[in-house]
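Okay, structure first, notes after.
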Amino acid sequence: KSAFVDFPRLLRTLRSDHHTGFIRLFSGSSTGVLLFRDGELVDAEAGDDGAAHGEEAFTIFRRGMDTGDGLIDVVELDSDTVTSVARLLTGPPLFAGLLARFVNFPALLEYLAEERLDGSVIVVGGTETGVILLKQGSVLAAYTAGSRVPLTSTDAVAALATERPARIEVRGDDSSRGGIDAEAVLSRPS
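Given below as structure tokens:
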């Protein structure tokens, strides 16, 4: 429960422990995520439907922590997965709104492998959403909303692409984004 957590101290501890992973906050109807690589805050997502990113999202996350009503999870991940999730959150769309019924999904994945894409493929099906994280075109992990255990097989996400209303988005890498200076943001009045 966030009411029992000294948020600045938690951030300092994660930094000194070189934490790689994320903190997730569930507060009412909103969710926020802070991504860390080797103790450094690399990105944040928060707000309605994850609309805010970067420092703005960090500030929203902090306010959610300050209310004391939220539940937090601290999860450890490998560095490649954290990098891929950051790309998923902030990478520029390369292909957006593709109607899946017109896309040869295996051929799309083959093309992205040939292009050695660092990024993600998001499939919003009729029943749930699936994500494939790519590193240099190779599948790093695949997830669906119903099974958040990382898989190396893309079968579950490919199955979503066969649903009639499914849409596909491919996101690339935004290397222009830097990390978030958590200490500077925390020193500002909330």
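The sequence shown begins at 1 in the UniProt record's numbering and counts up by one.
The beta-carbon is built from N, C-alpha and C at its ideal position, and this holds for glycine as well.
As the structure is a computational prediction, the values presented were derived from the model and not from experiment.
- Boundaries of the alpha helix (DSSP H) harbouring S84: 79-90, taken from the DSSP string.
- Only residues of its own chain outside the window of five on either side were considered, and among them G32, A52, A57, I60, F61 have a CB closer than 6 Å to the CB of A46, listed in chain order.
- Between the alpha carbons of P150 and A184 lies a distance of about 34 Å.
- Membership of I60 in any beta strand (DSSP E) is not indicated; the residue belongs instead to the alpha helix (DSSP H) covering 54-67.
- Nearest Cα to Q136 within the set S153, G125, E110: E110.
- Under the three-state reduction of DSSP, S153 is assigned to coil, being neither helix nor strand.
- Assigned with DSSP and collapsed to three states, P93 falls in strand.
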